[in-house]
């Protein structure tokens, strides 16, 4: 999937297409890197590309599950955990393992996105200190827009890290990844 998000029809299809395209962009940021490069932290941030891959996978799984199960509580996969960013920063796994985790998350998210049927369905807001106490629910639509926003934010961060590692930007990486897929 190239740099430009493919055209789609209807609000749900547009949201799904955008989320999946951004996830594809996240994966492209690590194209051609070694474990050492993917685990490096060459910017002021403590995040590496592997930690961003794993975090983005979890974001995709959990927010898509919320939208898919609304108005009920989501059923989350047992093999995807909700790690803190600090845990992911400290995670020593290599690029192949991080990509396996990421790809599994993308598969779960894709399945969840296929199950969303009502964008107006209320999604219960989980208890967390950063959510207002009086906020009881938001729409499935809001969850999917939040999902797209979070992924895009992390892809931008990944782009900066990748450019700092070897100077390769997203346009060049898309071309390289598409050429490799064609082989």
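Residue numbers (the numbering used here): 9 to 191.
C-beta atoms are modelled at their ideal positions from N, C-alpha and C, and glycine is treated no differently.
Can you round the beta-carbon distance between residue 110 and residue 35 to whole angstroms, since I take them to be within the 8 Å contact cut?
-> Locating residue 110 in the chain shown gives position 102, where the first residue counts as 1. Locating residue 35 in the chain shown gives position 27, where the first residue counts as 1. Rounded, the Cβ-Cβ distance is 6 Å, consistent with contact.
Length of the line joining the Cα atoms of residue 87 and residue 32 | Within the chain shown, residue 87 is the residue found at index 79, counting from 1. Within the chain shown, residue 32 is the residue found at index 24, counting from 1. Computed Cα separation, rounded: 21 Å.
From the DSSP output, in three-state form, read off residue 77 for me.
-> For the purposes of this step, residue 77 is taken as the residue at position 69 of the chain shown. Reduced to three states, the DSSP call for residue 77 is helix.
Per DSSP, residue 138 forms a beta bridge with which residues?
-> Mapped onto the chain shown, residue 138 falls at position 130. Per DSSP, none; premise fails for residue 138.
Exposure of residue 18, with buried meaning 16 or more beta-carbon neighbours within 10 Å | By 1-based counting over the chain shown, the position of residue 18 is 10. Answer is exposed; the Cβ neighbour count stays below 16.
Express the C-alpha separation of residue 85 and residue 49 in angstroms, rounding to a whole number.
-> Mapped onto the chain shown, residue 49 falls at position 41. Mapped onto the chain shown, residue 85 falls at position 77. Rounded to the nearest angstrom, the two C-alpha atoms are 30 Å apart.
Got a sec? Which residues, its chain only, sit under 6 Å from residue 75 by beta carbon, not counting five neighbours each side?
-> Within the chain shown, residue 75 is the residue found at index 67, counting from 1. Around residue 75: 124, 148, 151, 152.
Going by DSSP, which residues form a beta bridge with residue 145?
-> Against the chain shown, residue 145 aligns to sequence position 137. In DSSP, residue 145 forms a bridge with 132.
Does DSSP classify residue 99 as helix, strand or coil?
-> The residue you call residue 99 lines up with position 91 of the chain shown. In the structure shown, residue 99 sits in coil (DSSP, three-state: anything other than H, G, I, E or B).
Around the C-beta of residue 24, are 16 or more other C-beta atoms found within 10 angstroms, so that it is buried, or is it exposed?
-> As a working mapping, residue 24 is identified with position 16 in the chain shown. Answer is buried; the Cβ neighbour count reaches 16.
Please list, in chain order, all residues of the same chain as residue 46 whose beta carbon is under 6 Å from its beta carbon, the five residues on each side excluded.
-> In the chain shown, residue 46 corresponds to position 38, counting from 1. These residues qualify, in order along the chain: 38, 57, 58, 103.
Between residue 158 and residue 67, which are expected to be in contact by the criterion C-beta below 8 Å, what is the C-beta distance as a whole number of angstroms?
-> If you number the chain shown from 1, residue 158 lands on position 150. If you number the chain shown from 1, residue 67 lands on position 59. At roughly 5 Å, the Cβ-Cβ gap stays under 8 Å, so residue 158 and residue 67 are in contact.
Could you work out which residue in 51, 112, 122 is closest to residue 61 when comparing CA atoms only?
-> For this step, residue 61 is matched to residue 53 along the chain shown. It is 112 whose Cα lies nearest to the Cα of residue 61.
Between 78, 26, 12, 65, which lies nearest to residue 146 when the distance is taken from Cα to Cα?
-> Looking up residue 146 in the chain shown gives position 138. Nearest option by C-alpha distance: 78.
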